[in-house]
Structures are given as structure tokens and as C-alpha cells.
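In what follows, a structure is listed as C-alpha cells, so that the remarks can point back to it.
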Amino acid sequence: MYEAICHGGPLDGQHAISRYPEGFLLVDRPAGRCWIYDYREATGFAVRAPDGMPMLTTGPRSRHRAAEEGRYDVLAAPWVETVAPFDGGARRAGGAAR
Numbered sequence: 013m014y015e016a017i018c019h020g021g022p023l024d025g026q027h028a029i030s031r032y033p034e035g036f037l038l039v040d041r042p043a044g045r046c047w048i049y050d051y052r053e054a055t056g057f058a059v060r061a062p063d064g065m066p067m068l069t070t071g072p073r074s075r076h077r078a079a080e081e082g083r084y085d086v087l088a089a090p091w092v093e094t095v096a097p098f099d100g101g102a103r104r105a106g107g108a109a110r
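To convert, count from 1 in the sequence shown and add 12; that's our numbering.
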């Protein structure tokens, strides 16, 4: 596990953990944006582009490729509501997703 403080981007000043040595990819799928945080032992996690980068493809192939990456962890942005994949994230009465 690699633990450090994030520098820049939406996680600036926050503590993060990556399972992989290069850092992590932070994904805001509904907004179509992502941030790459590179890990360095001396400096922690540094964001490459503070405003993030657009996700050019959103299909399952690109998600699976990112999840299989062996050097960067893939994390959902903490402000994104995650849902169980079984119902496709369909909204229920009252606005809550299951």
C-alpha cells in the first residue's frame, strides 16, 4: 500500500491510498473527467492536470482496461454516488439509487 497526501486537483491536501506503486487514476464518470495522481515517496501524490482530463471513451472496454492496469489504482471520485451494477443505476421513487 502506498499512502500519502495529495497535491493539486480535487483531492488537494487529502490523504489517499493506492495499491499500486505509480499512483492512482481518480474517475468522475458522470462528469466524464479523470485525474492522474503520480506517487513519489518523497513528495506524495501529485496531480498531472489540476483541472482533470476528459474521458474520451466511456464504454466498458476502456473501464476494463483501466481496471486491469498494473501500475495505477483506479478510484471513483468520493463525491460521485456509486450504485450496484445489477440494475444499471436506475433511479428509484424518491430519487435514491440502489
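Heads up, the beta-carbon is just placed ideally off N, CA and C, and yes, glycines get one too.
Here the structure is a predicted model, which means the values were calculated and not measured.
Local Cβ density within 10 Å of residue i, reported as buried at 16 or more and exposed below that
i           : result
residue 109 : Any reading at residue 109 must be qualified, since the residue scores a pLDDT of 44, below 50, and its modelled position is unreliable; no value is offered.
residue 107 : Summary for residue 107: the model assigns pLDDT 47, below 50, so the residue's position carries little reliability, and this model does not support an answer.
residue 88  : exposed
residue 61  : exposed
Boundaries (first-last residue) of the beta strand (DSSP E) holding residue i
i          : result
residue 15 : 14-19
residue 50 : 45-52
residue 37 : 35-40
residue 58 : 56-59
residue 88 : 84-88
Whether residue i touches residue j by CB criterion (7 Å)
i          : j          : result
residue 44 : residue 65 : no
residue 59 : residue 25 : no
residue 31 : residue 85 : yes
Top-ranked residue by Cα proximity to residue i, from the options
i          : options           : result
residue 53 : 42, 92, 61 and 29 : 29
residue 36 : 62, 16, 19 and 50 : 50
residue 91 : 38, 48 and 57     : 38
residue 9  : 56, 80, 93 and 47 : The structure shown does not extend to residue 9, since the chain spans only 13 to 110, so no value can be given for it.
residue 82 : 34, 17 and 47     : 34
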